[in-house]
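All remarks here apply to the structure that follows.
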């Protein structure tokens with residue numbers, strides 16, 4: 011690959027560019043973004059050049075779509091390229107379905123499962139993906155080689171399976187945190203670290219979640235329903251001896267989630 | 011106060027002793043605990059002397075019950091003292107009810123809302139209570155003066171109200187974390203910081219929770235039911251425009267919980 015076009019040079023797109031450079035990419039990195047973002051990205055040396063989408067897509071070997079989900083969908087509607095195309099959207103089924111419209115080029119869905127509390131190209135970081143899962147919806151050696159060089163962990167998942175899993179590990183926790191923060195409004199007086207832990211996610215801005223709910227509502231609905239059933243079960247076991255086993259299995263899972 | 015008996019010299023009891031010393035207490039601190047704990051507490055200089063319960067209670071001006079809840083209840087059944095008695099149990103209604111059996115002495119329920127991930131007198135810390143809420147179930151100037159000197163924040167709550175509030179801010183988060191860790195068993199592959207945040211509490215050992223569930227089941231049941239209803243509501247709003255307001259109100263509450 012000689013030329014890579016990054017569409018949406020924010021935290022993820024900017025980090026992808028910096029990670030490529032750190033991993034030894036010698037070619038050209040073109041940015042497609044809003045004027046203020048382009049200015050910052052050029053100033054930081056994150057991209058080499060800025061071009062409009064059509065021109066960038068025409069000269070690139072890889073087009074990397076790292077916009078918000080709804081904008082990735084809009085870009086796929088108009089994108090014309092012979093390049094390999096991938097994306098960084100946090101839901102996959104709707105995006106992969108839309109990508110089937112591409113007349114030319116080849117699409118592989120992606121989801122680098124990494125982030126920071128603050129966004130924007132100012133926060134871009136060559137090591138953002140290190141040690142983190144990087145999902146691809148199908149094998150693609152040209153991408154896999156870079157994912158490996160980034161120190162990320164390749165995970166192959168079909169779009170629907172990816173969406174079911176992130177509904178559980180990411181979207182459900184967000185909704186629990188949001189619901190708990192609502193429930194604790196006005197209870198600051200006695201709230202401690204437990205409440206703080208579980209409501210940190212509730213600080214997330216809604217704008218990224220709008221697109222996630224719009225494109226992953228069914229798996230989230232299923233995850234919520236299953237979780238509600240689990241809570242009802244726990245409620246019925248509160249006074250019973252099963253709780254000890256429940257706690258011990260949950261602790262084992264919590265340790266596994268931390269890689270311990 | 012000249013002599014204080016601490017019954018249960020673990021993290022909380024040991025920290026209470028160290029905090030008293032740091033705040034200028036000049037009298038004697040007697041420890042009532044198991045032999046291995048007493049040895050460590052004496053070696054660290056946390057207590058001045060060890061005595062059996064009856065002798066400690068007979069010579070103390072203040073008896074501080076910092077055992078697990080079920081042991082506090084057992085102690086209250088046999089305690090004979092003319093001293094002021096208080097406790098550090100994390101539920102209050104059952105303990106305060108049991109304390110009415112005391113033939114002599116005066117009881118004020120307490121709950122220092124502070125802790126650490128590790129327990130034991132080895133972890134005791136003179137600053138454990140600093141900046142944290144310290145609940146009393148009624149006014150008691152002899153305790154309030156020390157709570158203030160510890161840098162803790164006095165909160166007056168009747169036992170039933172305390173139990174309702176901790177069911178929400180502490181026991182509900184624990185159950186959500188435990189239920190979520192169960193639900194995510196086997197999903198380590200794609201789990202990230204969101205899942206880690208929300209399942210940290212699930213690492214808690216069951217032994218302290220057994221007593222909490224046994225003595226606060228009704229308020230926890232009510233908190234769980236209300237939360238389940240809230241989740242059902244969110245589920246029905248997933249695709250709707252209300253979500254933006256829900257997120258913004260939850261974020262405001264999460265900021266308030268952090269004192270921001």
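Residue numbers (the working numbering), protein chains in the order written: chain A, 11 to 270; chain B, 11 to 270.
The beta-carbon is built from N, C-alpha and C at its ideal position, and this holds for glycine as well.
**Asked** Looking only at its own chain, which residues have a Cβ that is under 8 Å from the Cβ of residue 30(A), when we skip the five neighbours before and after it?
**Response** Within the first chain, residue 30(A) is the residue found at index 20, counting from 1. Cβ neighbours of residue 30(A) beyond the five flanking positions: 14, 39, 156.
**Item:** Contact under 7 Å by Cβ, residue 25(B) with residue 164(B)
**Value:** The residue labelled residue 25(B) in the question sits at position 15 within the second chain. The residue labelled residue 164(B) in the question sits at position 154 within the second chain. No, they are not a contact pair.
**Request:** Determine the chain B residues that contact residue 223(A) at a beta-carbon separation under 7 Å, and present them in chain order.
**Result:** Within the first chain, numbered from 1, the residue matching residue 223(A) stands at position 213. The answer, in chain order, is 248, 249, 253.
**Message:** Strictly under 7 Å for the Cβ-Cβ distance: is residue 11(B) near chain A by that measure?
**Reply:** The residue you call residue 11(B) lines up with position 1 of the second chain. False, the Cβ-Cβ gap to chain A never drops below 7 Å.
**Message:** Is it buried or exposed, residue 120(B), if we count other Cβ atoms within 10 angstroms and call 16 or more buried?
**Reply:** Residue numbering aside, residue 120(B) sits at position 110 when the second chain is read from its first letter. If you draw a 10 Å sphere on the C-beta of residue 120(B), you find 16 or more other C-beta atoms in it, and that means buried.
**Request:** Closer than 7 Å by beta-carbon distance: list the chain B residues that pair up with residue 188(A), in chain order.
**Result:** Your numbering for residue 188(A) matches position 178 in the first chain. Neighbours of residue 188(A) in chain B, taken as residues whose beta carbon is under 7 Å from its own, are 256, 257, 260 in chain order.
**Request:** Check whether the stretch 46-55 of chain B touches the stretch 161-176 of chain B, taking contact to mean three or more Cβ pairs, one atom from each stretch, closer than 8 Å.
**Result:** no
**Message:** What does the alpha-carbon distance come out to for the pair residue 150(B) and residue 124(B)?
**Reply:** Reading the second chain from its first residue, position 140 is the one you call residue 150(B). Reading the second chain from its first residue, position 114 is the one you call residue 124(B). Taking the straight line joining both Cα atoms gives about 20 Å.
**Message:** Please state the DSSP three-state secondary structure of residue 19(A).
**Reply:** By 1-based counting over the first chain, the position of residue 19(A) is 9. Coil.
**Item:** Exposed unless 16 or more other CB atoms sit within 10 angstroms - verdict on residue 234(A)
**Value:** Taking the first residue of the first chain as 1, we reach residue 234(A) at position 224. Its Cβ being crowded by 16 or more others within 10 Å, residue 234(A) is buried.
**For residue 132(A), the nearest candidate out of 52(A), 225(A), 182(A), 223(A) (CA to CA)** = Taking the first residue of the first chain as position 1, residue 132(A) is located at position 122. Nearest of 52(A), 225(A), 182(A), 223(A) to residue 132(A), Cα basis: 52(A).
**Request:** Pair every Cβ in the stretch 236-255 of chain B with every Cβ in the stretch 95-103 of chain B, then say whether three or more of these pairs are closer than 8 Å.
**Result:** no
**Prompt:** residue 102(B) lies in the alpha helix (DSSP H); which residues open and close that run?
**Reply:** Taking the second chain and counting its residues from 1, the one referred to as residue 102(B) is at position 92. Note, residue 102(B): premise wrong, no alpha helix (DSSP H); not H, not E.
**Request:** Name, please, each residue of chain B whose Cβ falls closer than 7 Å to the Cβ of residue 231(A).
**Result:** Along the first chain, read from residue 1 onward, the residue named residue 231(A) stands at position 221. Here the neighbours are 245, 248.
**Message:** Output needed in chain order: residues of the stretch 72-90 of chain B with a Cβ under 7 Å from some Cβ in chain A.
**Reply:** Going along the stretch 72-90 of chain B in chain order, one finds no residue with a Cβ nearer than 7 Å to chain A.
**The alpha helix (DSSP H) enclosing residue 245(B), as first and last residue numbers** = By one-based count along the second chain, residue 245(B) stands at place 235. Counting along the chain, the alpha helix (DSSP H) containing residue 245(B) begins and ends at 216-247.
**Message:** Please report the straight-line C-alpha distance between residue 113(B) and residue 209(B), rounded to a whole angstrom.
**Reply:** Walking along the second chain from the start, residue 113(B) turns up at place 103. Walking along the second chain from the start, residue 209(B) turns up at place 199. The straight-line gap from Cα to Cα measures roughly 44 Å.
**Request:** Report the option in 126(A), 252(A), 96(A), 205(A) whose CA atom is closest to the CA atom of residue 186(B).
**Result:** Residue numbering aside, residue 186(B) sits at position 176 when the second chain is read from its first letter. Nearest of 126(A), 252(A), 96(A), 205(A) to residue 186(B), Cα basis: 205(A).
**Prompt:** Would a C-beta distance cut-off of 7 Å place residue 27(B) and residue 16(B) closer than the cut-off?
**Reply:** Against the second chain, residue 27(B) aligns to sequence position 17. Against the second chain, residue 16(B) aligns to sequence position 6. Taking 7 Å as the Cβ cut-off, residue 27(B) and residue 16(B) qualify as a contacting pair.
**Message:** Which residue marks the beginning of the beta strand (DSSP E) containing residue 121(B), and which one marks its end?
**Reply:** By one-based count along the second chain, residue 121(B) stands at place 111. Run containing residue 121(B): 120-122, per the beta strand (DSSP E) assignment.
**Prompt:** What in chain B is Cβ-close to residue 92(A), meaning under 9 Å?
**Reply:** Position 82 of the first chain, counted from the start, is the residue given in the question as residue 92(A). Ordered by position in chain B, no residue passes the 9 Å Cβ test against residue 92(A), which lies about 32 Å from the chain.
**Asked** Which runs of the alpha helix (DSSP H) fall wholly inside the stretch 49-84 of chain A and span at least 4 residues, in chain order?
**Response** 63-69
**Request:** Work out the CA separation of residue 108(A) and residue 86(A) for me, nearest whole Å.
**Result:** Translated into the one-based positions of the first chain, residue 86(A) becomes position 76. Translated into the one-based positions of the first chain, residue 108(A) becomes position 98. About 7 Å.
**Asked** Are the Cβ atoms of residue 57(B) and residue 37(B) separated by less than 7 Å?
**Response** Position 47 of the second chain holds residue 57(B). Position 27 of the second chain holds residue 37(B). Cβ atoms of residue 57(B) and residue 37(B): not closer than 7 Å.
**Message:** Counting only beta-carbon separations shorter than 7 Å, does residue 169(A) have a partner in chain B?
**Reply:** As a first step, residue 169(A) must be located in the first chain, where it is residue number 159. No, because no Cβ of chain B sits closer than 7 Å to the Cβ of residue 169(A).
**Request:** Starting from the N-terminal side, write out each stretch of the beta strand (DSSP E) that is 3 residues or longer and does not extend beyond the stretch 156-182 of chain B.
**Result:** 163-166
**Prompt:** Using a C-beta cutoff of 7 Å, does residue 55(B) count as contacting chain A?
**Reply:** The residue labelled residue 55(B) in the question sits at position 45 within the second chain. So no, residue 55(B) is outside the interface.
**Prompt:** Helix, strand or coil for residue 209(A) per DSSP?
**Reply:** Position 199 of the first chain, counting from 1, holds the residue named residue 209(A). Correct three-state label for residue 209(A): helix.
**Message:** Excluding the 5 residues flanking residue 145(B) on each side, which residues of the same chain have their C-beta closer than 6 Å to its C-beta?
**Reply:** The residue you call residue 145(B) lines up with position 135 of the second chain. So the list reads 121, 165, 167, 172, once near-sequence residues are dropped.
**Message:** Which same chain residues end up closer than 8 Å to residue 68(A) when comparing Cβ atoms and leaving out the 5 residues on each side of it in sequence?
**Reply:** Sequence index remark: in the first chain, residue 68(A) carries index 58 (1-based). So the qualifying residues of the chain are 90, 91.
**Request:** Specify, as a first and last residue, the run of the beta strand (DSSP E) that residue 131(B) falls within.
**Result:** The count along the second chain starts at 1 and reaches residue 131(B) at position 121. Careful: residue 131(B) lies outside any beta strand (DSSP E) and carries neither H nor E.
**Message:** Looking at the strands, I want to know which residues DSSP matches up with residue 117(A).
**Reply:** As a working mapping, residue 117(A) is identified with position 107 in the first chain. Partner(s): 95(A).
**Prompt:** By DSSP, does residue 197(B) sit in helix, in strand, or in coil?
**Reply:** For this step, residue 197(B) is matched to residue 187 along the second chain. The answer is coil: DSSP assigns residue 197(B) none of H, G, I, E or B.
**Message:** Considering only the alpha carbon of each residue, which of 259(A), 211(A), 62(A), 20(A) lies closest to residue 202(B)?
**Reply:** Walking along the second chain from the start, residue 202(B) turns up at place 192. Selected option, being the one with the closest Cα: 211(A).
**Supposed close pair residue 82(B), residue 222(B) - CB separation, criterion 8 Å** = Working through the second chain from its first residue, we reach residue 82(B) at position 72. Working through the second chain from its first residue, we reach residue 222(B) at position 212. Taking a contact as a CB-CB distance under 8 Å, the pair residue 82(B) and residue 222(B) does not count as one, their CB atoms being some 12 Å apart.
**Prompt:** Checking contacts by CB at 7 Å: is residue 197(B) closer than that to chain A?
**Reply:** For this step, residue 197(B) is matched to residue 187 along the second chain. True, the Cβ-Cβ gap to chain A drops below 7 Å.
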